[in-house]
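Residue numbers (our numbering): 2 to 281.
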């Protein structure tokens, strides 16, 4: 475990880039072999705006990385944060708790907040308005959302007290998991259900991309499914019933235009439809 921490403490930027590119490439190819939905689309054309937002996310995260590094160094030097205030524990448990708690602050809490505050939801809408969810959707985040997500991660590092090595492990895992859960791949329902008791599985997350409430406001997790299960935001919907997109912004052509997506957070807020209302 100490060797792993030493590696991630000084992980080269090239290696981090390889994780990103390697993950997208792997799941992109797997989607062609084991597709969940047989999308009738031009894959590269669909990927263009998503990859643009992936690039802006990378630029923003690298530009602000010094804040993450300085905060992680500060909590370590000052023995600050939750995992540093707990009784002494094995190194593996220290790392696991650090990742688990960062997953709460950096992913679950950020995601939950974006769905509950209207202006933030309009920013996050860019991610949900993809009608063909695949592995490129993973980092389809408006630049404003990238800043919001970074802020929550920074808060997590401060509150949890994670050194930079754990932060880098968490971010690497987060990247792979989000590519995995968005990928248009089909695994057996029994295996997916088994995985969902511990981690966020592909079917579990795709429920979150259903176009109607209450499913859109469920399954906020990124790596671990424990937060949704503990906090009552876990929901199940058979994957065959999932319809991607957002019902209040149904125009797929507009939702596929980079220009329109950049303007999307500034549109008039529209109240989502609860699926229960449709059967009344």
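The C-beta atom is built at its ideal place from N, Cα and C for all residues, glycine as well.
Neighbourhood of residue i by C-beta, 7 Å cutoff - its chain only, sequence neighbours within 5 removed
i	result
residue 57	144 and 147
residue 32	135, 136, 184, 185 and 186
residue 153	106, 107, 110 and 111
residue 281	Confidence at residue 281 is low in this model, with a pLDDT of 45, below 50, so its placement is unreliable and the value that follows should be read with caution. Excluding residues within five positions, none has a Cβ falling inside 7 Å.
residue 21	176
residue 196	202
residue 38	185
residue 270	119 and 123
residue 68	155
residue 151	61, 62 and 65
Cut-off 6 Å between Cβ atoms - residues of its own chain near residue i, not counting five sequence neighbours on either side
i	result
residue 55	140
residue 17	none
residue 222	109, 201, 228 and 229
residue 77	164
residue 28	136, 180 and 184
residue 243	207 and 211
residue 113	221
residue 6	166
residue 40	133
Option nearest residue i by Cα separation, candidates the options
i	options	result
residue 234	244, 273 and 206	206
residue 182	9, 15, 25 and 271	25
residue 354	40, 7, 47 and 21	Residue 354 cannot be examined here, being either before or after the span of the chain that is shown, 2 to 281.
residue 200	178, 272, 77 and 81	178
residue 53	138, 95 and 244	138
residue 116	218, 267 and 225	218
residue 209	163, 236 and 142	236
residue 191	232, 225, 239 and 231	239
residue 268	59, 120, 89 and 220	120
residue 35	275, 203, 271 and 232	203
residue 51	275, 151 and 142	142
residue 14	40, 59, 4 and 270	59
Check whether residue i and residue j have beta carbons under 8 Å apart
i	j	result
residue 104	residue 198	no
residue 10	residue 188	no
residue 169	residue 12	yes
residue 2	residue 86	no
residue 162	residue 82	yes
residue 84	residue 99	yes
residue 167	residue 96	yes
One or two residues paired with residue i in a DSSP bridge
i	result
residue 164	DSSP, once it has assigned bridges, lists no residue as partnering residue 164.
residue 245	211
residue 225	200
residue 275	214
residue 186	36
8 Å CB neighbourhood of residue i in its chain, flanking five on each side removed
i	result
residue 130	246, 247, 250, 256, 262 and 265
residue 49	259
residue 253	132 and 246
residue 42	133
residue 225	101, 104, 199, 200 and 201
residue 275	213, 214 and 215
residue 30	none
residue 272	249
Proximity test, Cβ basis, 8 Å: residue i and chain B
i	result
residue 55	No chain B appears in the structure shown, which is made up of a single protein chain.
Segment contact, 8 Å Cβ cut-off, at least three pairs: the region 123 to 132 with the region 60 to 79:
no
Taking contact to mean at least 3 C-beta pairs separated by less than 8 Å, is the region 155 to 162 in contact with the region 91 to 110?
yes
Within the chosen definition, does the region 60 to 70 reach the region 209 to 225 through at least 3 CB pairs nearer than 8 Å?
no
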